[in-house]
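2 protein chains.
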Amino acid sequence: VTDTFCIGLDWGASNLRAYRMDCDGHVLEARASADGVKTVACHAWEEALRRVAGDWLEHAPKAIIVLSGMVGSRNGWIEIPYVAAPADPAAIAGGCQRAYLSDGRPIWFAPGVSTLDRDGVPDVMRGEETQIIGLPTQARHTVCLPGTHSKWATVEHGAILGFSTYFTGELFELLARHSIVGSLIVDGPFDRDAYLDGVRRAGQAGHLLHHIFGARALTVTGGLAPEHLSSYLSGLLIGHEIAAALAMEPGHDVTILGSQQLCELYAIALSESGVSAQIGDLDAAAIGQFRIAQSLMARP
Amino acid sequence: VTDTFCIGLDWGASNLRAYRMDCDGHVLEARASADGVKTVACHAWEEALRRVAGDWLEHAPKAIIVLSGMVGSRNGWIEIPYVAAPADPAAIAGGCQRAYLSDGRPIWFAPGVSTLDRDGVPDVMRGEETQIIGLPTQARHTVCLPGTHSKWATVEHGAILGFSTYFTGELFELLARHSIVGSLIVDGPFDRDAYLDGVRRAGQAGHLLHHIFGARALTVTGGLAPEHLSSYLSGLLIGHEIAAALAMEPGHDVTILGSQQLCELYAIALSESGVSAQIGDLDAAAIGQFRIAQSLMARP
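Going line by line, the protein sequences match chains X and W. For what it's worth, the numbering used here labels the leading residue of the first sequence as 6, then goes sequentially. For what it's worth, the numbering used here labels the leading residue of the second sequence as 6, then goes sequentially.
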C-alpha cells in the first residue's frame with residue numbers, strides 16, 4: 006500500500022464512504038460504513054474515521070486525507086464556510102480547511118458550495134460538489150443528483166456554474182408517512198405504468214398542490230389502485246422536479262448521479278420528457294476528492 | 006319556536022354547527038359543538054345530533070332536517086354518493102338521501118359534489134357545496150374556501166360549474182411539524198412582511214419544490230429570521246395556490262369563505278396579485294341548507 010496518494014471520505018448524514026487512491030486517481034480500495042454524521046455519538050469523529058480507514062492511515066502516513074459532505078457542516082466535525090459558485094476544483098481546494106488528528110496528522114475538510122438563484126435567494130450544497138467535480142470534464146452540461154433534496158447543477162469544463170435544490174425526496178416521505186394521501190397507500194412492488202401516469206400528470210394543467218390532492222381523489226374514486234399510489238406519487242413529484250429543472254436550464258446533456266434505483270427512476274421520467282440521460286459513476290466523489298488533493302498539493 | 010321551517014347541521018370532520026331557520030331563510034338560532042365526525046364515538050350519531058339540537062327537534066316536529074358535510078362520507082353516519090357538477094341547489098337536493106331517527110323522524114343527508122378537471126382527473130367536495138350555494142346569487146364568480154384542502158369553485162347563478170382542490174393547508178402542517186424546514190421554525194407572532202415575502206417568492210422563477218428548500222437556505226444563511234419562517238412559508242404556499250387557481254380561472258370576482266384569520270391571509274395575498282376579494286358570510290352553510298330544504302319541499 007505504499008502507492009496511496011490520498012484517502013477520501015465522502016461523509017454524509019447517514020453514511021460514510023472511504024476511498025484509497027493512487028497518484029493517477031485510481032481507486033485502489035473502497036469501503037462503506039453506517040457511521041453517518043447523524044449517528045456518530047458524542048462527537049467521536051476520529052474514532053469513526055479510524056474504524057473505517059485506520060489501517061490505511063497507518064500504512065500510508067503521507068497520504069493526503071480529504072473529507073467532504075455533511076461532516077463539514079454545523080452538525081458535523083467542524084463547520085466549513087461555503088465557497089460561492091462558480092466553483093472548480095481549485096476554488097473548492099482553496100476553501101478547504103485543515104484540522105489535525107490526535108496524533109498531529111493533518112486532515113482537510115472540503116467546503117460546500119453556495120449560489121444565488123436569479124431572484125437572489127441562496128441555495129447550498131455540501132458533498133454533492135465533490136461528486137460533481139469528479140465527473141469526466143466536458144462542455145456545458147447538467148448534473149442531476151436525486152435524493153432527499155435533489156440538486157440540479159449546471160457544469161462547464163469541471164466548474165459548477167450554479168445549481169437549484171428541490172425538496173422532492175423529503176416531500177415524498179412526508180406525504181407517504183404523514184399525510185391523508187399517504188394513508189391510502191397499500192404496499193406493493195414498483196409499478197412502471199403508475200409511475201409514468203404520475204410523471205405525465207405533472208405535465209398537465211393545475212399545480213403540484215392540486216395534483217397531490219388529485220392523487221387522493223383518484224384513489225378514493227377507484228381510478229388508481231392503492232397498491233400503485235406510491236409509484237404514482239413518486240412519478241408525480243419527480244415529474245414536477247424535472248419539468249422545473251429543465252425549465253431553468255433547458256437543452257443540455259443530463260448526467261444523473263445517485264443510487265441505481267433513483268437514477269433509473271429519473272432516467273425513465275427524463276426519457277418521457279424527450280431528454281436522454283447518462284448515469285454517472287457513483288465513485289465520482291472519489292475522483293472529486295482526488296482532484297481536490299491535487300489542488301491542495303499545488304497550493305503555495 | 007313554532008316558526009322553525011328547517012334545521013340544518015353543517016357537520017364536518019372536526020366540528021358541528023347547527024342552525025334553526027324560519028321559512029324566509031333567516032337564522033333564528035345557531036349553535037356549535039365539538040362533536041366532529043372524527044370524534045363521535047361508537048357511531049353515536051343520533052345522540053350527538055340530539056345533544057346539540059334535541060330541544061329544537063322536540064319543539065318543531067315538522068321542521069325539515071338537513072345534514073351536510075363529512076357526516077355523509079364513508080367515515081360518517083351514512084355514505085351519500087356525490088352528484089356531478091354542474092350542480093345547483095335543486096341538483097343537490099335531488100342527490101339528498103333520507104334516513105330516519107330512532108323515533109321514525111326523517112332526516113336528509115346532502116350529497117357532496119364531484120367534478121373532473123380538464124384532464125379527466127376527479128375532484129370532490131363534501132360540505133363546501135352547501136356553503137357555496139348559500140352565497141348571494143350572482144353572475145359568474147369564483148369562490149375560494151381556504152383550509153386543509155382549499156377549494157376554488159367557479160359559480161354562476163347559484164350553480165357550481167366546477168372546482169379544484171389544493172393541498173395547501175395540509176402541506177403547511179406537514180412542513181411545519183415534520184420537515185427539516187419546519188425544524189428551524191421559532192414561534193413568533195404573524196409577520197406581515199415575511200408573509201408577503203413568501204407570497205412574492207411564489208411568483209418568482211423556480212417551482213414550489215425549489216422554493217420550499219429555499220426557505221430553509223434563506224433561514225440557515227441569515228436572510229430570514231426563524232421567528233418569521235412560519236409566516237413566510239404560509240405566504241409561499243398560499244401564494245402558489247392563488248397563482249395556480251387564478252391561472253385556471255382568471256379575471257373573476259373572488260369571494261373567500263372560511264375562518265376570519267384565513268380569509269384575511271388570502272385577501273392580503275390576492276390583493277398582492279391585484280385581485281380584490283370579498284369575504285363571504287360563514288353562515289352561508291345555513292342558507293345553503295335552507296335552499297336544499299326548499300328544493301326538497303318541491304320534490305314530487
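Note that CB positions come from ideal geometry on N, CA and C, so glycine has one too. On a predicted model such as this, the values are computed, not experimentally measured, just so you know.
(request) Compute the distance between the beta-carbons of Ala-291 (chain X) and Tyr-24 (chain X), then report whether it is under 8 Å. (result) yes
(request) Give the DSSP bridge partners of His-146 (chain W), in chain order. (result) W:Val-160
(message) Is there a C-beta anywhere in chain W that falls below 8 Å from the one on Gly-13 (chain X)?
(response) no
(request) Report the partner residues of Ile-69 (chain W) according to the DSSP bridge assignment. (result) W:Cys-11
(request) Enumerate in chain order the residues of its own chain whose CB-to-CB distance from Leu-14 (chain W) is below 6 Å, with the five nearest sequence positions on each side excluded. (result) Ala-23, Leu-72
(message) Against chain W, does Leu-214 (chain X) count as a neighbour if the rule is that its beta carbon must be under 8 Å from one of theirs?
(response) yes
(request) Please check if any C-beta of chain W sits within less than 8 Å of the C-beta of Asp-128 (chain X). (result) yes
(message) For Thr-226 (chain W) and Pro-127 (chain X), I'd like the C-alpha separation in whole angstroms.
(response) 8 Å
(request) Identify whether Glu-232 (chain X) lies in helix, strand or coil by the three-state DSSP scheme. (result) coil
(message) Is it buried or exposed, Phe-136 (chain X), if we count other Cβ atoms within 10 angstroms and call 16 or more buried?
(response) The sequence shown places Gln at residue 136 (chain X), not Phe. Buried, by the Cβ-count rule.
(message) I want to verify the contact list: residues of chain X whose CB lies under 9 Å from the CB of Met-253 (chain W), in sequence order.
(response) Ala-210, Gly-211, His-212, His-215
(message) For Val-6 (chain X) and Trp-61 (chain X), what's the separation of their Cα atoms in angstroms?
(response) The predicted model places Val-6 (chain X) with a pLDDT of 47, which falls under 50 and marks its position as unreliable; any figure quoted below should be read in that light. Cα to Cα, Val-6 (chain X) sits roughly 8 Å from Trp-61 (chain X).
(message) Classify Lys-67 (chain W): buried if its beta carbon has 16 or more other beta carbons within 10 angstroms, exposed otherwise.
(response) exposed
(request) Kindly indicate if chain X contains any beta-carbon less than 8 Å away from that of Glu-246 (chain W). (result) yes
(message) Checking the sheet assignment: what are the DSSP bridge partners for Ser-155 (chain X)?
(response) X:Tyr-171
(message) Against Phe-218 (chain W), what residues of chain X qualify as contacts under a CB-to-CB distance less than 8 Å, listed in chain order?
(response) Asp-128, His-154, Thr-170, Tyr-171, Phe-172
(message) To be precise: take each residue of the stretch 122-149 of chain X, compare its Cβ to all Cβ atoms of chain W, and keep it if any distance is under 7 Å. Which residues remain?
(response) Asp-122, Arg-123, Asp-124, Val-126, Pro-127, Asp-128, Val-129
(request) Indicate the three-state DSSP secondary structure (helix, strand or coil) for Ala-18 (chain X) in the structure shown. (result) coil
(request) Helix, strand or coil for Ser-38 (chain W), going by three-state DSSP, please let me know. (result) strand
(request) Quick one: give me the first and last residue of the alpha helix (DSSP H) that Arg-304 (chain W) is part of. (result) Taken as a continuous stretch (DSSP letters only), Arg-304 (chain W) belongs to no alpha helix (DSSP H), as it is neither H nor E.
(request) Could you check the C-alpha separation between Arg-56 (chain X) and His-146 (chain X) for me, to the nearest Å? (result) 38 Å
(message) Given this structure, state the Cα-to-Cα distance separating Ala-37 (chain W) from His-183 (chain W), to the nearest angstrom.
(response) 31 Å
(message) By the DSSP assignment, the alpha helix (DSSP H) with Pro-94 (chain W) in it spans what residues?
(response) 94-99
(message) What does the alpha-carbon distance come out to for the pair Pro-141 (chain W) and Ser-169 (chain X)?
(response) 46 Å
(message) Taking beta-carbon pairs under 7 Å, can you tell me which members of the stretch 267-278 of chain W lie near chain X?
(response) none
(request) Compute the Euclidean distance between the alpha carbons of Gly-285 (chain W) and Gly-77 (chain W), then round it to the nearest angstrom. (result) 24 Å
(request) Between the Cα of Pro-151 (chain X) and those of X:Ala-250, X:Ala-39, X:Gly-30, spot the shortest distance and give me the residue it belongs to. (result) X:Ala-250
(message) Among the candidates X:Phe-114, X:Trp-82, X:Cys-268, whose CA atom is the shortest distance from the CA of Glu-134 (chain X)?
(response) X:Phe-114
(request) Would you check if the stretch 212-220 of chain W and the stretch 234-254 of chain W touch, i.e. whether three or more CB-CB distances between them fall below 8 Å? (result) yes
(message) Taking 8 Å as the threshold (C-beta atoms), are Ile-261 (chain X) and Arg-221 (chain X) in contact?
(response) no
(request) Note the first and the last residue of the continuous alpha helix (DSSP H) segment covering Arg-206 (chain X). (result) 197-207
(message) For Phe-224 (chain W), report the span of its beta strand (DSSP E) as first-last.
(response) It is Thr, not Phe, that sits at residue 224 (chain W) in the sequence shown. From DSSP, Thr-224 (chain W) is part of no beta strand (DSSP E) but of the alpha helix (DSSP H) over 213-225.
(message) Within the continuous alpha helix (DSSP H) that includes Ile-273 (chain W), where are the two ends?
(response) 265-277
(message) Excluding the 5 residues flanking Leu-301 (chain X) on each side, which residues of the same chain have their C-beta closer than 8 Å to its C-beta?
(response) Ile-69, Val-71, Ala-98, Cys-101, Trp-113
(request) Using a Cβ-Cβ cut-off of 8 Å, state whether Ser-73 (chain W) counts as contacting chain X. (result) no
(message) Any beta carbon of chain W sitting closer than 8 Å to that of Leu-179 (chain X)?
(response) yes
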